[in-house]
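Below is one structure, written out as structure tokens, with a few remarks after it.
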């Protein structure tokens with residue numbers, strides 16, 4: 001009797017499978033022990049283990065006895081939820097329902113940091129192209145710098161599905177590492193004097209009509225300029241409209257809690273279906289992880305540099321603390337919290353939380369807009 | 382430089398400009414909305 005016929009999975013194990021199971025275990029460890037984006041990294045880690053056991057039934061496979069293809073549940077989820085964009089777009093409804101645009105209405109000029117801090121996306125795209133990735137792959141790698149998981153997933157699944165696994169892992173891992181990545185870059189780019197700048201925070205009240213109109217106007221403007229961005233921006237703003245309309249509180253709560261939780265579970269474990277040893281254990285993956293870090297670093301650089309440029313034109317009492325520029329990335333509210341803490345470290349009486357949150361909300365819009373712009377522009381080249 | 386690099390440079394240039402344009406439009410939209418629909422005392426706090 002042949003041993004391999006009893007334990008075909010064991011006989012087919014390779015070091016690559018083992019490595020991926022270790023990667024899955026590391027993701028689970030980071031999620032539980034370090035609490036790095038646990039809602040995503042834990043399902044992804046467990047999924048990575050699930051799909052790297054040879055002949056795993058969760059993926060579509062060939063039945064050795066009949067020779068027929070048997071559908072695997074994760075493959076079905078992938079086709080139905082990721083290829084069609086349904087999962088990430090449902091997450092956008094949930095995120096939209098969670099965002100309060102009031103801080104942005106209080107400091108609308110800080111919205112511009114949501115543009116400046118997307119610089120890393122574009123620089124990384126160029127670097128990836130220089131390293132030999134084709135244009136669509138380079139754009140998908142660059143979008144890691146959006147610091148926005150669902151946007152990365154939508155763009156990568158459309159432009160470079162084969163890279164979806166490493167791009168998602170990089171995006172979510174670096175989002176969790178914002179408190180480690182941003183401070184040294186900020187300190188390197190700013191003087192203590194600049195970090196001590198105090199900012200007046202406006203706390204004016206915003207009318208309900210204004211908050212209801214904003215998501216509608218943003219959707220229409222985005223649709224007119226870049227129709228390809230509409231699925232991204234439209235779903236985000238739809239979620240926000242549910243929140244702000246004031247008559248769908250139950251739906252808003254469901255979107256923020258149940259919908260978000262359910263889809264996050266499915267999203268994480270479904271992305272893991274792309275983390276098979278054959279697709280993940282490659283030099284490409286290491287390059288993507290490295291480029292993702294570059295994107296985050298240059299996002300921070302872009303935001304801080306833009307604040308310093310703005311300060312050249314602002315009067316002394318209106319100067320912006322350049323650290324606020326770093327909040328233009330989408331990692332919400334982590335980035336705002338990091339900057340507030342940095343400000344407090346320099347001067348206990350400096351409260352940067354309000355302007356930091358305003359810029360961070362701008363970053364959430366900016367990352368989605370960047371994703372839409374990339375999808376629109378790629379089609380032209 | 383290969384075509385991908387040239388195209389990525391072009392997309393980067395246009396992309397950065399476009400994203401600033403979008404944000405500028407959203408900024409103007411916010412300013413306009415605040416002006417046209419200011420908060421009134423009669424409203425509950427939002």
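Protein chains in written order, with the numbering used here: chain A, 1 to 381; chain B, 382 to 427.
Glycine included, each C-beta is placed from N, C-alpha and C at the ideal position.
Note that this is a predicted model, so its numbers are computed, not measured.
Assigned with DSSP and collapsed to three states, residue 69/A falls in strand. Per DSSP, reduced to three states, the secondary structure at residue 53/A is coil, with no helix or strand assignment. Within the segment 199 to 227 of chain A, the residues whose Cβ lies closer than 8 Å to any Cβ of chain B are, in chain order, 204, 205, 206, 207, 208, 209, 210, 211, 213, 214, 217, 218, 221, 222, 225, 226. Not a single C-beta of chain B is nearer than 8 Å to the C-beta of residue 355/A. Under the three-state reduction of DSSP output, residue 217/A falls in the helix class.
Residues of the same chain with a CB within less than 8 Å of the CB of residue 297/A, apart from the 5 flanking positions on each side, are 120, 181, 185 in chain order. For residue 154/A, same chain residues with a beta-carbon under 7 Å away, outside a window of 5 residues either side, are 85, 88, 232, 371 in chain order.
Assignment of residue 144/A by DSSP, reduced to helix, strand and coil, places it in the helix class. Here residue 94/A is near residue 255/A, since their CB atoms are less than 8 Å apart.
When the Cα atoms are used, residue 198/A and residue 28/A turn out to be separated by approximately 40 Å. Taking 8 Å as the cut-off, the beta carbon of residue 152/A is found closer than this to the beta carbon of residue 146/A. Taking 9 Å as the Cβ-Cβ cut-off, the segment 387 to 405 of chain B approaches chain A at 387, 388, 389, 390, 391, 392, 393, 394, 395, 396, 397, 399, 400, 401, 402, 403, 404, 405, given in chain order. Residue state for residue 320/A is assigned as coil, using DSSP reduced to three classes.
Using a Cβ-Cβ cut-off of 7 Å, residue 108/A is close to 408, 411, 412 of chain B, given in chain order. With respect to residue 411/B, residue 306/A sits apart: the two C-beta atoms are not nearer than 8 Å.
The distance from the Cβ of residue 269/A to that of residue 76/A is about 12 Å, inconsistent with a contact at the 8 Å cut-off. Under a 10 Å Cβ-count criterion, residue 6/A is classified as exposed, with fewer than 16 other Cβ atoms of the shown protein chains found around its own Cβ. The alpha-carbon of residue 303/A is positioned some 9 Å away from that of residue 112/A. Membership of residue 340/A in the alpha helix (DSSP H) is indicated by the continuous run 334 to 346. If you ignore the 5 residues before and after residue 354/A, its C-beta comes within less than 6 Å of the C-beta of 201, all in its own chain and listed in chain order.
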